[in-house]
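Undergrad: Throughout the sequence shown, residue numbering follows our numbering, covering 5 to 281 in sequence.
From the three backbone atoms N, C-alpha and C, an ideal C-beta is built for every residue, glycine too.
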Amino acid sequence: MNFLLSAWRILNLLSIDVVMGAMAGTLFFADMLDVSLPMGLYMVLGMAVWSVYTLDHLLDARKTGHPASSDRHRFHQENFKTLSIVLLLMISLGLFCLLNFQSLKFILIPGLILGIVMGIWMGLLHLFGKKASWLKEFSTAVFYVSGIALGPFIFVYPNEIPTPFYYFLLGYLVLASLNLFMLSYLDEQIDRLDGFGSILQVLNRPGLKNLIWVLALTGVMGMLTALLILPSYYSIHASILMLLFLFHIKEFYAADRDRIREKLEASFLLPFILLLF
């Protein structure tokens with residue numbers, strides 16, 4: 005058990021759990037649209053998500069002028085050169101796959117556009133530092149959800165996209181925002197020590213806690229509504245998102261908050277349960 009916990013800890017520090025969660029999210033939208041995506045798309049998505057998160061952590065690690073307080077940023081400080089080399093290789097491999105795999109041609113242009121926009125936005129956030137840091141959580145949620153839903157959407161388009169797709173897209177955005185706001189609330193002291201800003205630049209802790217509560221209730225009520233009004237085909241999707249909202253509420257108000265980040269990020273693997281149906 006200790007070995008498994010240690011292995012998962014390393015995967016968390018490397019953001020592999022986030023990568024797997026993103027793949028599960030893409031499976032969620034693909035299953036909802038009843039399409040089977042090429043396996044290469046999941047691979048490229050994983051490379052892209054890992055590259056974005058690793059680049060962000062490396063930039064933060066470099067910006068911190070002292071040993072980072074958080075385990076993740078300290079890990080990236082200690083392994084900066086190795087991770088930088090792997091990052092360049094991962095970006096190169098992802099681009100190679102996009103340009104040479106025929107099954108991925110449909111996502112090439114939309115994927116590159118999203119990547120360029122995301123890169124410019126990340127650059128601006130790092131350039132302006134704390135002045136723009138309050139935008140980071142929500143914009144990260146927007147790009148995350150856009151990335152996991154893009155493949156299924158483009159695969160079906162220009163055929164008609166069912167209305168529930170947009171409903172669950174909004175639900176996933178609320179969930180991702182809730183997740184990031186919760187982590188910012190819990191990491192306030194660490195972020196302050198390392199000189200990182202967050203939504204707490206414009207909201208105080210009680211205000212952010214109220215926002216978290218509103219998002220959580222909105223998500224739960226939204227999924228309950230989906231269970232009542234949407235066709236039964238979408239019941240499993242609504243149930244998955246509702247369980248994720250409820251798990252976030254449970255962890256946020258739990259007395260034992262040890263390793264809460266790992267638990268919350270691991271919860272995004274839940275859509276893999278769709279492989280059983």
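(1) How big is the Cα-Cα spacing for I277 and F159?
(2) I'd like the list of long-range same chain contacts for L97, defined as Cβ closer than 8 Å, with 5 residues on each side in sequence excluded.
(3) Spatial neighbours of G199 within its chain, please: C-beta separation below 7 Å, excluding the five flanking residues on both sides.
(4) Find the nearest neighbour of V22 within the set T167, L273, I203, F281, judged by alpha-carbon distance.
(5) Can you check which of these residues, H70, M36, F84, N16, is closest to L62 by C-alpha distance?
(6) How long is the line joining the alpha carbons of G226 and F33, rounded to whole angstroms?
(7) How many Å lie between L340 and L45 at the Cα?
(8) Where V121 and A145 are concerned, what is the direct C-alpha to C-alpha distance, given to the nearest angstrom?
(9) List, from N- to C-terminal side, the alpha helix (DSSP H) runs of 4 residues or more that fit wholly inside the stretch 72 to 137.
(10) From which residue to which residue does the alpha helix (DSSP H) around R66 run?
(11) Mind pulling the alpha helix (DSSP H) runs of 4 or more residues that sit fully within the stretch 188 to 237?
(12) Rounded to a whole number of angstroms, what is the C-alpha to C-alpha distance between L31 and I203?
(13) What residue from A72, I117, L15 has the CA that sits closest to D195's CA?
(14) Are S19 and Y57 touching if we call contact CB-CB under 7 Å?
(15) Please report how far the alpha carbon of D64 lies from the alpha carbon of R76, in whole angstroms.
(16) Look at the alpha carbon of W217 and the alpha carbon of M186, and state the distance between them as a whole number of angstroms.
(17) Mind reading off the beta-carbon distance from A220 to L182? Whole number of angstroms is fine, and I expect it under 8 Å.
(18) Return the Cβ separation of V149 and L173 in integer angstroms, given the expectation that the two are a contact with Cβ distance under 8 Å.
(19) Go through its chain and collect everything with a Cβ distance to C101's Cβ below 8 Å, but skip five positions before and after it.
(20) In whole angstroms, what separates the C-alpha of P42 from that of L279?
(21) For N16, does the count of other Cβ atoms within 10 angstroms reach 16, so buried, or fall short, so exposed?
(22) Could you tell me whether the Cβ atoms of G155 and I95 are closer together than 7 Å?
(23) Would you mind stating whether A26 and P275 have Cβ atoms separated by less than 7 Å?
(24) Using a Cβ-Cβ cutoff of less than 8 Å, which residues in the same chain neighbour I165 once the five nearest sequence positions on both sides are dropped?
(25) On the three-state DSSP scale, how would you describe N16?
(26) Beta-carbon separation of G223 and L179 under 7 Å?
TA: On the basis of the data shown:
(1) Position 273 of the sequence shown, counting from 1, holds the residue named residue 277. Position 155 of the sequence shown, counting from 1, holds the residue named residue 159. So the two alpha carbons sit approximately 22 Å from each other.
(2) Here residue 97 is taken as the residue at index 93 of the sequence shown, counted from 1. These residues qualify, in order along the chain: M51.
(3) In the sequence shown, counting from the first residue as 1, residue 199 sits at position 195. If we look at G199 and ignore the five residues flanking it on each side, its Cβ neighbours are T68.
(4) For the purposes of this step, residue 22 is taken as the residue at position 18 of the sequence shown. Of the candidates T167, L273, I203, F281, the one whose C-alpha sits nearest the C-alpha of V22 is L273.
(5) Sequence index remark: in the sequence shown, residue 62 carries index 58 (1-based). That would be F84, whose Cα lies nearest to the Cα of L62.
(6) For the purposes of this step, residue 226 is identified with residue 222 of the sequence shown, where counting begins at 1. For the purposes of this step, residue 33 is identified with residue 29 of the sequence shown, where counting begins at 1. For G226 and F33, the distance between alpha carbons rounds to 17 Å.
(7) No answer is possible for residue 340: it lies beyond the span of the chain, which begins at 5 and ends at 281.
(8) Mapped onto the sequence shown, residue 121 falls at position 117. Mapped onto the sequence shown, residue 145 falls at position 141. In a straight line, the C-alpha of V121 is about 14 Å away from that of A145.
(9) 75 to 82, 84 to 104, 109 to 132
(10) Against the sequence shown, residue 66 aligns to sequence position 62. Taken as a continuous stretch (DSSP letters only), the alpha helix (DSSP H) holding R66 covers 43 to 67.
(11) 192 to 198, 209 to 233
(12) Stepping through the sequence shown from its first residue, residue 31 is reached at position 27. Stepping through the sequence shown from its first residue, residue 203 is reached at position 199. Approximately 30 Å, taken between the alpha carbons.
(13) The residue you call residue 195 lines up with position 191 of the sequence shown. Comparing Cα-Cα distances from D195 to each of A72, I117, L15, the minimum goes to A72.
(14) The residue given as residue 19 occupies position 15 in the sequence shown. The residue given as residue 57 occupies position 53 in the sequence shown. Yes. Within cutoff.
(15) In the sequence shown, counting from the first residue as 1, residue 64 sits at position 60. In the sequence shown, counting from the first residue as 1, residue 76 sits at position 72. If you take the alpha carbons of D64 and R76, they lie about 10 Å apart.
(16) As a working mapping, residue 217 is identified with position 213 in the sequence shown. As a working mapping, residue 186 is identified with position 182 in the sequence shown. W217 and M186: Cα-Cα distance of roughly 10 Å.
(17) Counted from its first residue, the sequence shown places residue 220 at position 216. Counted from its first residue, the sequence shown places residue 182 at position 178. The beta carbons of A220 and L182 sit about 6 Å from each other, so the pair counts as a contact at 8 Å.
(18) The count along the sequence shown starts at 1 and reaches residue 149 at position 145. The count along the sequence shown starts at 1 and reaches residue 173 at position 169. Confirmed, about 7 Å.
(19) If you number the sequence shown from 1, residue 101 lands on position 97. Excluding positions up to five away in sequence, the list reads G44, M47, V48, M51, L108.
(20) Locating residue 42 in the sequence shown gives position 38, counting from the first residue. Locating residue 279 in the sequence shown gives position 275, counting from the first residue. Whole-angstrom Cα-Cα distance: 15 Å.
(21) Taking the first residue of the sequence shown as position 1, residue 16 is located at position 12. Result: buried.
(22) Along the sequence shown, read from residue 1 onward, the residue named residue 155 stands at position 151. Along the sequence shown, read from residue 1 onward, the residue named residue 95 stands at position 91. Inclusion of G155 and I95 in the CB contact set at 7 Å is not warranted, their separation being larger than that value.
(23) Working through the sequence shown from its first residue, we reach residue 26 at position 22. Working through the sequence shown from its first residue, we reach residue 275 at position 271. No, the pair does not count as a contact, with Cβ atoms beyond the cut-off.
(24) In the sequence shown, the residue the question calls residue 165 occupies position 161. These residues qualify, in order along the chain: L37, F157.
(25) As a position in the sequence shown, residue 16 is number 12, starting the count at 1. Helix, per DSSP.
(26) Indexing the sequence shown from 1 puts residue 223 at position 219. Indexing the sequence shown from 1 puts residue 179 at position 175. Against a cut-off of 7 Å, the Cβ pair of L179 and G223 comes out as a contact.
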